[in-house]
Amino acid sequence: MADTEKKLKQLFKSAPLPELSADFTSNLMEGIKVLPKSKPIAVRPLIHPLVLWLGLLLTIILSLVVSIGSNTLQIKFNNFPTNFESFYYLRQIFNNYLITTYAILILIWFLIDYKLSNFRKVKLFRKNTQY
Amino acid sequence: MAEPDDKIIIKKIIAGEINALQELINRYKYQGFNLAYRICRNRENAEEILQDVFINIYSNLDKYNFTGKFSTWFYRIVYNQSISYIRKKKKVNFSLNEFEDILEPIDEEKTIEEILVNSETIKYLDQAMNELSPDESAILHLYYFEEKKVSFIAEITGFTETTVKTRLFRTRKKLYSILKRLLKKEFSDFYG
Chain A
42 MADTEKKLKQ LFKSAPLPEL SADFTSNLME GIKVLPKSKP IAVRPLIHPL
92 VLWLGLLLTI ILSLVVSIGS NTLQIKFNNF PTNFESFYYL RQIFNNYLIT
142 TYAILILIWF LIDYKLSNFR KVKLFRKNTQ Y
Chain B
5 MAEPDDKIII KKIIAGEINA LQELINRYKY QGFNLAYRIC RNRENAEEIL
55 QDVFINIYSN LDKYNFTGKF STWFYRIVYN QSISYIRKKK KVNFSLNEFE
105 DILEPIDEEK TIEEILVNSE TIKYLDQAMN ELSPDESAIL HLYYFEEKKV
155 SFIAEITGFT ETTVKTRLFR TRKKLYSILK RLLKKEFSDF YG
């Protein structure tokens with residue numbers, strides 16, 4: 042069987058195939074040079090979206106930890122107003138400002154990325170089967 | 005000096021180096037042409053398909069993810085483009101089953117051996133390949149001429165590896181039958 046396979050390969054290799062035109066490359070290059078340049082080659086997104094989502098998740102977890110931690114410490118060290126004050130502010134920062142800032146940053150990033158890399162367009166029109 | 009990797013060439017093309025595109029075309033044009041020819045059975049059409057393939061590749065290079073091999077991507081585009089082309093032209097509209105009925109079944113190793121050692125076989129291979137369906141022709145070409153693995157062919161054609169193996173087996177048998185018929189015809193024509 043292996044011998045038959047070998048012979049078949051030899052047969053295919055020795056069978057004549059038509060020649061490609063000698064000026065194929067030059068003609069094609071000429072054609073490509075005059076192609077309309079309206080379609081820019083898209084750039085890939087700078088940061089993978091997963092990194093941003095993981096960042097957001099981490100921020101939420103961190104804010105929860107700080108929030109719960111500060112509440113616990115608030116109860117535990119109720120007699121120590123200094124400690125309580127510092128944790129209170131920390132909790133405020135995480136809860137009120139950090140997540141909001143992060144959300145705004147993601148929004149800005151999406152807008153910039155959409156403009157810069159045409160990312161959304163590439164994703165929408167990508168066909169898995171052909172290319 | 006070793007030739008630069010395909011991925012390096014592609015990066016150069018994306019950066020705007022037009023000479024790199026020429027290098028890529030020269031590197032793959034023969035493989036692409038042979039496969040397109042095997043599917044569409046016409047030299048001019050194969051050239052037209054190949055031109056479209058390279059233009060498509062140039063316009064869609066951003067969609068190439070640098071993780072996979074460029075050659076696989078290239079073959080897949082040639083295969084898809086050729087199949088689409090013939091579907092549009094509707095020049096080739098027969099299937100394997102249509103031919104199976106008129107072909108004599110052959111199983112004996114001896115007959116296969118006779119066909120393979122016959123010097124006239126080379127002359128009739130092209131003709132026999134034209135009687136196969138485009139898919140079968142492409143699979144045989146990739147396996148025997150390009151010497152690609154079954155997994156590679158499966159990736160290009162979109163069939164499973166088992167389907168490729170089955171088709172290879174059936175097409176091989178079909179090819180032997182066609183060759184046998186053509187050789188027999190030649191023999192009877194020659195001796196009256």
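Those protein sequences? They're chains A and B, same order as listed. All residue numbers for the first sequence refer to the numbering used here, where the first residue is 42 and numbers rise by one. All residue numbers for the second sequence refer to the numbering used here, where the first residue is 5 and numbers rise by one. Ideal Cβ placement from N, Cα and C applies to all residues, glycine included. Small disclaimer: the values here were computed from a predicted structure and weren't measured.
Going by the beta-carbon positions, is the gap between B/Ser155 and B/Glu165 smaller than 8 Å? Their beta carbons are under 8 Å apart, which means B/Ser155 touches B/Glu165 by this criterion.
Could you check whether the Cβ of B/Asp130 sits closer than 8 Å to any Cβ belonging to chain A? At least one chain A Cβ lies under 8 Å of B/Asp130.
Sub-8 Å separation of B/Thr161 and B/Tyr89 beta-carbons: No.
Considering Cα atoms alone, identify which of B/Leu179, B/Arg185, B/Ile59 is closest to B/Gln85. Nearest to B/Gln85 by C-alpha distance, out of B/Leu179, B/Arg185, B/Ile59, is B/Ile59.
Sequence-distant residues of the same chain with beta carbon closer than 8 Å to A/Tyr143, five excluded per side: Counting only Cβ-Cβ distances below 8 Å, and skipping sequence neighbours, we find Gly96, Leu97, Thr100.
Excluding the five sequence neighbours on either side, which residues of its own chain have a C-beta within less than 6 Å of the C-beta of A/Ile73, listed in chain order? Hits under 6 Å: none found.
Check whether the Cβ atoms of B/Ile87 and B/Ile43 lie closer than 8 Å to each other. Cβ distance < 8 Å, so B/Ile87 and B/Ile43 count as in contact.
Limits of the alpha helix (DSSP H) - the one that B/Thr125 falls within: Start and end: 125 to 134.
When you check each C-beta in the stretch 44 to 76 of chain B against every C-beta of chain A, which residues fall closer than 7 Å? Result list: Arg47, Glu51, Gln55, Phe58, Ile59, Tyr62, Ser63, Asn64, Leu65, Asp66, Lys67.
Hey, could you find the ends of the alpha helix (DSSP H) B/Glu150 is sitting in? Note, B/Glu150: premise wrong, no alpha helix (DSSP H); not H, not E.
So is B/Phe37 buried or exposed if we call it buried at 16+ other beta carbons inside 10 Å? Of the other Cβ atoms in all chains shown, 16 or more fall within 10 Å of the Cβ of B/Phe37; this residue is therefore buried.
Cutoff 8 Å: B/Tyr25 Cβ touching any chain A Cβ: The identity of residue 25 of chain B in the sequence shown is Leu, whereas the question assumes Tyr. It does; some Cβ of chain A falls within 8 Å.
Below 8 Å, how does it come out for the stretch 43 to 54 of chain B and the stretch 51 to 69 of chain A: are there three or more Cβ pairs, yes or no? Between the stretch 43 to 54 of chain B and the stretch 51 to 69 of chain A, the count of Cβ pairs shorter than 8 Å is three or higher; the stretches touch.
Say whether chain A places a C-beta atom closer than 8 Å to the C-beta of B/Tyr34. Yes, because at least one Cβ of chain A sits closer than 8 Å to the Cβ of B/Tyr34.
How far does the alpha helix (DSSP H) with B/Asn84 in it reach, from first residue to last? Unbroken alpha helix (DSSP H) run through B/Asn84: 74 to 93.
Could you tell me which of B/Ala40, B/Tyr41, B/Gln35, B/Leu25 sits nearest to A/Glu71, measuring between CA atoms? Checking every option, the nearest Cα to that of A/Glu71 belongs to B/Leu25.
B/Asn23 lies in the alpha helix (DSSP H); which residues open and close that run? Start and end: 22 to 44.
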